[in-house]
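The opening residue of the sequence shown carries number 297 in the working numbering; numbering runs sequentially from there. C-beta atoms are modelled at their ideal positions from N, C-alpha and C, and glycine is treated no differently.
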Amino acid sequence: MILNMSRVRVLGPIDDLQVVLGRVQDFGLMHIVEPSERDTLQPLGLTQEQARHVRNVRKVASDVHKALELLGELPTPGSATTSNLTLARAALIAGRTRRELERLERRRQELEEARAVILKFRPFFDAFDKISESGVGLDGIRIFYLVLRDGGEQEVRRVRAALRETLGDTFELISQPSEAGESVMLLAVQAQAGQSAERLLSEAGVQALSVPEEYEGESAGATVQRMQSRLVELPEELAELQDARRRIANERGRDLVQIRAHVEDHLATIEAMEKSAVTAHAFVLEGWVPTNAEPELERRLSKSFDDVVEVEVISSEEWEGEPVPVVLKNPRLFQPFEAITRMMPLPKYGTVDPTPFVAVFFPMFFGVTLGDIGYGLILGTLSLILRLRSDPHSKMRAISEIGLSCALFTIVFGFLYGELFGDLGHRIGLHPIIFNREEAFFPFLGLALALGIVHIVIGLFIGAVKMFSRNKRHAIGRGLAGIMVILIALALLAAFDMLPERFFTPLVITTLVALPVLVIAEGVLAPVELVSTLGNVLSYARIMAVGTASVMMAVVANRMTGAFGGVVVGVICALLFHLVNFVLGVFSPTIHMLRLHYVEFFGKFFSPGGSQYQPFRHWSPREGAIDERSN
């Protein structure tokens with residue numbers, strides 16, 4: 297659900313503004329915005345000295361952000377605090393650490409580039425050894441390092457024939473395959489024939505690697521020897537850089553985290569001050585708080601400042617039309633499913649939070665689709681392991697709990713279908729309670745469409761209820777569309793003898809009578825929208841299609857056991873096929889169920905565009921990560 301919000305105004309003596317902001321930050325309840333009334337108020341400007349101080353704080357924040365990013369992971373903050381740490385000292389630590397880490401990073405990149413260059417030449421090392429073993433002297437010899445990207449013996453023969461025609465027998469060409477699948481060749485020619493060989497290679501379109509500058513001017517033997525030695529030294533140097541980075545993390549990592557928290561708090565205070573307004577003797581601070589937390593904010597400020605500071609609630613008439621920050625608050629059972637709804641923009645304030653409906657329908661639809669006891673147990677086990685290894689309040693924890701819910705419904709519907717790894721359940725005496733999905737295609741399709749009708753009608757009714765206060769006419773039309781979907785579904789059931797035939801005519805007449813009312817309420821395009829809504833219902837047939845495909849693949853996997861000569865081979869093939877089917881059975885329903893919710897269901901009532909509630913509070917790594925994800 298979306299919590300009700302109240303816009304509050306905090307007033308007090310201008311001399312107490314800094315202290316009041318500190319207390320408001322301690323409470324962490326108020327989302328501060330600029331005052332709505334500015335006719336008699338002035339924004340709190342900054343003096344030149346204060347502006348310079350802000351620039352210095354932002355520079356420290358930039359340095360510490362970059363330093364922590366280069367460290368790669370956030371160390372755990374220690375018990376010490378930075379309350380006595382001056383800005384100059386914080387700037388010195390952050391700036392020096394950033395520069396040291398940037399220097400280490402530049403050096404690491406240089407070493408990685410050097411290793412990459414040498415690795416390009418490594419395939420030539422063996423070829424060079426072959427030339428040396430052939431007894432060819434290297435004095436007065438020019439070496440070409442060639443790469444044939446389209447390789448092949450035919451290309452090598454063509455190059456060799458062209459060289460022999462031009463240079464005779466005064467060259468040595470060694471071909472060597474590389475790990476990348478290319479053909480590399482090392483060409484040795486007399487120094488005086490170097491230009492002719494270079495021209496010939498250029499005309500043949502053969503790529504020649506250039507020796508790095510640091511190896512130019514050396515003999516071919518010295519170059520290869522140095523490259524081989526350097527390739528051995530580089531891992532040690534990279535390890536030394538890693539040790540240096542780790543040493544900096546151990547020595548100054550906690551200080552950096554604490555400095556970051558300190559400057560983030562300071563910047564948040566500066567931003568809050570910039571949003572406040574003043575008169576000659578007083579300050580005004582406005583913001584949003586959850587309605588149920590407003591009395592607590594008032595009580596705490598009154599207790600802290602002996603009624604010198606006043607808190608008043610601004611009437612809705614004064615802020616009507618302004619964007620209101622959104623706070624989603626759901627029962628613990630539904631909270632993991634906020635990870636699904638937050639993949640979409642936040643709903644507007646005053647509309648509907650779809651999380652409770654997602655929490656009910658998403659795992660149920662998933663279970664209807666997969667519906668296998670064995671697959672459900674595997675999914676539940678994997679989700680439980682993920683939950684045990686994930687941090688509280690993390691996205692992985694939410695995904696694991698969603699997986700547990702989906703696994704529970706998968707097991708339940710597995711019992712209803714009588715499925716355990718496909719038809720293995722039938723073989724061991726497990727009987728379907730509702731129907732056998734291997735044979736009952738039409739009952740399964742009927743179940744899928746029935747779920748679609750329920751889902752779509754609920755979405756239409758939710759939209760009608762929320763729209764009623766703003767536009768009663770369209771709200772009635774939305775609700776009437778939901779009723780007409782039900783009437784059409786009942787009429788079809790009567791037409792196919794699933795309901796008494798005598799119901800068919802009254803249902804059709806009622807539908808035809810409701811159609812003009814729908815046009816009056818929704819406009820001339822209402823019939824088109826009704827047809828589109830019926831199309832949305834048909835989209836739920838994908839539940840049957842994906843589910844049937846899954847059970848059929850499981851049946852095929854089971855029959856593989858006896859399809860091969862050996863039982864062991866058949867069992868291994870069956871297990872591998874079940875593994876593939878399980879992976880598809882998890883990801884395919886997830887994708888399709890998300891589509892059914894985002895496109896078909898949300899389209900009936902969801903109004904995106906809400907702004908994130910970001911209260912003025914003390915910074916912490918967890919809260920900072922949440923704010924970054926929200927933004």
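Using alpha carbons as the reference points, say which of the options lies closest to residue i.
i           : options            : result
residue 563 : 461, 890, 383      : 383
residue 366 : 664, 889, 549      : 549
residue 613 : 909, 325, 333, 672 : 333
residue 830 : 867, 699, 779, 637 : 779
residue 299 : 327, 645, 826      : 645
residue 894 : 791, 764, 751      : 751
residue 350 : 561, 469, 788      : 561
residue 806 : 784, 825, 824      : 784
residue 712 : 388, 442, 731      : 731
residue 898 : 823, 887, 639, 650 : 650
residue 305 : 906, 609, 523, 491 : 609
residue 726 : 753, 670, 401      : 670
residue 808 : 539, 781, 623      : 781
residue 628 : 328, 698, 498, 648 : 698
residue 691 : 638, 741, 647      : 638
residue 368 : 356, 345, 398, 388 : 398
residue 905 : 575, 619, 567      : 619
residue 836 : 796, 658, 677      : 658
residue 593 : 303, 539, 331      : 303
Below 6 Å CB to CB, which residues in the same chain sit around residue i once its five sequence neighbours on both sides are set aside?
i           : result
residue 440 : 483, 504
residue 668 : 710, 715
residue 655 : 630, 633
residue 927 : Because residue 927 carries a pLDDT of 49, less than 50, the predicted location of this residue cannot be relied on, and no value is offered for it.
residue 834 : none
With a threshold of 7 Å on Cβ separation, who are the neighbours of residue i within its own chain once the five nearest residues in sequence on each side are excluded?
i           : result
residue 533 : 407
residue 393 : 363, 544, 548, 552
residue 578 : 307, 308, 309, 310
residue 625 : 297, 299
residue 496 : 458, 459, 462
residue 874 : 717, 850, 853
residue 696 : 679, 682, 683, 686
residue 793 : none
residue 373 : Because the pLDDT at residue 373 is just 49, under 50, the model does not fix this residue reliably, and the point stays unresolved.
residue 763 : 770, 771, 774
Helix or strand or just coil, what does DSSP make of residue i?
i           : result
residue 507 : coil
residue 903 : coil
residue 780 : helix
residue 910 : coil
residue 592 : helix
residue 376 : Unreliable placement is indicated for residue 376, whose pLDDT of 43 sits below 50; the coordinate value is still reported in the next sentence. Reduced to three states, the DSSP call for residue 376 is coil.
residue 682 : helix
residue 898 : helix
residue 442 : strand
residue 459 : helix
residue 586 : strand
residue 576 : coil
residue 795 : coil
residue 488 : helix
residue 924 : At residue 924, the pLDDT of 49 sits below 50, so the modelled position is not reliable; the number obtained from the coordinates is stated separately. Note: residue 924 maps to helix in three-state DSSP.
residue 525 : helix
residue 297 : coil
residue 302 : strand
Excluding five sequence neighbours on each side, which residues of the same chain lie with their C-beta closer than 8 Å to the C-beta of residue i?
i           : result
residue 664 : 705, 709, 743, 744, 747, 839, 843
residue 378 : Low local confidence applies: a pLDDT of 48 at residue 378 is under 50, so the model's placement there is unreliable, with the coordinate-based value given in what follows. Only 386, 551, 554, 555, 557, 558 meet the Cβ criterion.
residue 915 : 556, 557, 560, 561, 564
residue 596 : 319, 323
residue 361 : 556
Cβ of residue i within 8 Å of any heavy atom in the ligand SAH?
i           : result
residue 488 : You won't find the ligand SAH in this model; it holds no ligand whatsoever.
- Of all the alpha helix (DSSP H) runs that stay within the bounds of the region 692-774, which reach a length of 4 or more residues? 720-723, 737-763
- Item | Whole runs of the alpha helix (DSSP H) within the region 305-365, excluding any shorter than 4 residues | DSSP runs (the alpha helix (DSSP H)) wholly in the region 305-365: 313-323.
- Segments assigned alpha helix (DSSP H), at least 4 residues, entirely inside the region 813-887: 822-834, 837-855
- Examine the Cβ distances between the region 843-860 and the region 746-763 and report whether three or more of them are shorter than 8 Å. no
- Query: Are there three or more Cβ pairs, one per stretch, closer than 8 Å when the region 809-829 is compared with the region 767-787?
  - Reply: yes
- Inter-stretch contact (C-beta, 8 Å, three-pair minimum) for the region 865-878 and the region 619-639: no
- Task: Write down every uninterrupted run of the beta strand (DSSP E) in the region 600-675 whose length is 3 residues or greater and which is fully enclosed by it, in chain order.
- Result: 606-610
- In chain order, which continuous runs of the beta strand (DSSP E) of length 3 or greater are located wholly inside the region 392-424? none
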